[in-house]
Each structure stands twice: as structure tokens, then as C-alpha cells.
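Residue numbers (our numbering), protein chains in the order written: chain A, 804 to 1026; chain B, 804 to 1026.
Glycine is no exception: its CB is placed at the ideal position from the N, C-alpha and C atoms.
Heads up, the thing below is written out as C-alpha cells.
Rendered as C-alpha cells:
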């Protein structure tokens, strides 16, 4: 298909497609004549991914470039490719503070407690976890006791298992990467929104006298 | 305590405290003499909240102002106060597109399916949910069938119930608001990081031949 048809098929404007081509985020089409370049389904698929990441995931262009580089490199295992993609998507860990070493120990202990033994010792998310635990400890609303974060650990564990065992197997490494990245970004956003909606609902039951709180506690089966 | 002691106690620099005072994000201290103003535990607590929101939640200053206004107004019920806070923290819904009406119907149906009947008809998160569902439908990696998103619905439901029934009751409305806001922002961030860590772990089992995949499927108890 021509660039204009590619634009219609994906909803990505032609100037944006040209920008992605210049930046190397989209691979070149096949030059048929001096004035005609053909694009195919691999271009349509990549543009769909880029559009979702930009619109929903709010992933900056530099990160998109890292992801594309990951997709193009040949890593030893699919896991290494996925880990590289996750690293490209992970936020930059917060600046270390005087309590960071302690928080990092708590973070490592929590990962052990969850049984996530395959998390790399140098995974950036270990420091991200330490940063957020430090904030929790500082505010001391909740202690950083594994029991306090148990519902979050359990939810993360269940969701990750569901996600990894529901990836389609027939799409090849490139398809696998794209599915993982969309899952990471878009379903992460979905989870955050659903949690806020559920909080709104249960806050009404708990504090709004909208329903009978006795009913609510009857359906609540403990932490 | 003096402003310098308040700074030491909270780790917030004196110029930042002065900025928060000017912006009305922090209530004035008590003027003891022309040159001495006393601050107390309410100031320490508010600064702790502001620090956490700025550092971990990455909440912009304008949103902080909305939150403080919410804390200071006297709403009819605690639920209304919490809903106003959640609205201040919710992201701006994405621009509507040609498929938004359809996505919004899917979003409303999903909220009904979850049983979250107390979500306000004009809650901004209904449009946020429509926006993310539209992205999912467009990319068509996963259909927007309630069964496909069931693990996310269940996790959101369990976490929200845990959170609402574990808020401390002895801190008054101001304390309740602060706890809810920190919970929303900081524990939301925590959940996102834990999910990525769990994905890294299970990706190694699924795709890295780190452990025996047969073991992994034995411990996996279905979606």
C-alpha cells in the first residue's frame, strides 16, 4: 500500500509516518519506482504499536527508539528480549537518599518473599521499588511489613502469570515483543483506572451511607 | 517549631516551604513575635504529604492546590470529599475520537459487570476507561470481552476493598483524606512496579528456560 493508504489504515497522519521513518522508528518501505514506495502489514502493525504507546502509554519518542532497537536486535532468548523491552519502559529510578540502602534491603526482601527469584540483581525496578517503599516508610501511614503489601503482591503475581501465559505464540518474536509492550503499557493504565473506579465504589459503601455497611462487610472476605 | 526545624523534620528545604506558604498549599504558622513564627504537627504532616506527592506521585503543583482546597472544604460526607480528591488526581481523559461513544458503552457495561454501582455517572474515570479500551480495541491484541479483563477487574476490586477497609479511623477527615491520597498515588505506583517485577520473573520461566516450564505450569492455577 502507499503511504496515504497506510495513514488511512492506521489513523497516523502522513507527516507523522514520515517523521517515524526519518527517526528509524519505522522501517523503510520498498521502493517500486522513483516516486512510489510500497508499505505492507509489518508497517501497519508497527504504526499501530507506536500509536498506542504514544497515545495511551505516553511513552516519549526516545523510549520508542530504544524499544525498536530492542525489537531489531537478536537476543539469546525471548526472555532477554522482553527484559530489555521492560527496561526501556521502566521509569528512571528516583535519586538515592540517605535511607536508600535500607529501603533497597526491604525491596530485595519483599521480592524474595514474593518468590520472584528470576528478577535480575541489577533490574532497575529493584531501585524503583526501593524508592516507593522509602516514601511509604517516610510517610509512615503503613509500615513496610510484607503483610501490609500482601494484596498488592498477590494482585501483581496473578496478573503477571495471566499475562505471560496468555501471550499469543503464533506471532513470532516481533509479535511477542509488541504484545508484551502493549500489555505492559496499556494494561498497566487499565489496571490503574479500574482500581480508582473500584475505590470510588467502595468509598461510597464505606463512607457515603449509600448502601448498608453491614452488607458491605458481609461480602468482604478479609485482606 | 521554627521553619528551620520544620525543614529538618520533613526534609523539605526552607525555600520550598516558603513557596508552599505563598501558594496556599501550606497553612500559615502562628506569629509569636514579629520575627518568630511557630509551626506545629499539622504543618509537619502536610509537608510530608506534599513531599510524597511531589516525589513519588509526580503530581503537578496545580493538582496539589486542588487537593488542599478539597481538604479545606466541608463536604457533606467523607465519600464526597474522597471523590473530589480522586477527581483532582485522575488524569485528564484523552481526546474523544470517532469510536469514543462505542468505547464508552463498553466501559459502562464493564463497570456494571464489576458491580461498581456507586461510580458516579459523570466520573472522569469512565472516560479514561473508554480511552484505554479504545486503544485495546484498535490494537486488537485482546478483544474487549469482560472475560479478557477479568483478572484486572478482580485485582482492582480486591485491592480497593482492602484499602477502604484498612484506612485508619482515628485521624479525622483531614487524616482520612491524606491517607486516601497517599494510598491512591503511592500504592498505585507500588502496584505498577510489583507487576513489572512479577512479569520479569514469569517471563524468565515462560521464555527463558531458567526453570522447567512444566514446573511453571504445575504451579499455575489458571487465569
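For residue 902 (chain A), no Cβ of chain B is located within less than 7 Å of the residue's own Cβ. Short of 7 Å from the beta carbon of residue 894 (chain A), and not among the five residues preceding or following it, lie these beta carbons of its own chain, in chain order: 931. With respect to residue 1007 (chain A), residue 882 (chain B) sits close: the two C-beta atoms are nearer than 7 Å. Straight through space, the alpha carbons of residue 815 (chain B) and residue 937 (chain A) are spaced by roughly 15 Å. Identification of chain A residues near residue 916 (chain B) by a Cβ-Cβ cut-off of 8 Å yields none; the smallest Cβ-Cβ distance measures about 11 Å. Under the criterion of beta carbons closer than 8 Å, residue 926 (chain A) and residue 905 (chain B) do not qualify as touching, at roughly 39 Å.
Residue contact check for residue 1002 (chain B) against chain A: a CB pair falls below 7 Å.
Cα atoms of residue 968 (chain A) and residue 1009 (chain B): separation of roughly 8 Å, rounded to the nearest angstrom. Of all residues in the segment 917-942 of chain B, the ones placed with a Cβ closer than 9 Å to any Cβ belonging to chain A are 917, 918, 919, 920, 921, 922, 923, 926, 928, 929, 931, 932, 934, 935, 936, 937, 938, 939, 941, 942, in chain order.
Look at residue 811 (chain A): its C-beta is not under 7 Å from any C-beta on chain B. Only residues of its own chain outside the window of five on either side were considered, and among them 981 have a CB closer than 6 Å to the CB of residue 852 (chain B), listed in chain order. In the three-state DSSP reduction, residue 885 (chain A) falls in the helix class (H, G or I). If you keep only unbroken alpha helix (DSSP H) runs of at least 4 residues inside the segment 894-963 of chain B, you get 903-917, 927-942. The alpha-carbon of residue 806 (chain B) is positioned some 11 Å away from that of residue 831 (chain B).
Contact annotation for residue 820 (chain B) against chain A: no contact, minimum CB-CB distance about 16 Å [criterion: below 7 Å]. Among the residues facing chain A, residue 880 (chain B) is included, as its CB has a counterpart in that chain under 7 Å away.
Assignment of residue 840 (chain B) by DSSP, reduced to helix, strand and coil, places it in the strand class. Excluding the 5 residues flanking it on each side, residue 928 (chain B) has same chain C-beta neighbours closer than 6 Å at 893, in chain order. A distance below 7 Å separates the beta carbons of residue 962 (chain B) and residue 998 (chain A). By the neighbour-count definition (other C-beta atoms within 10 Å, threshold 16), residue 1011 (chain B) is a buried residue.
The way I'd put it, the segment 854-872 of chain A doesn't touch the segment 982-994 of chain B; fewer than three beta-carbon pairs between them come closer than 8 Å.
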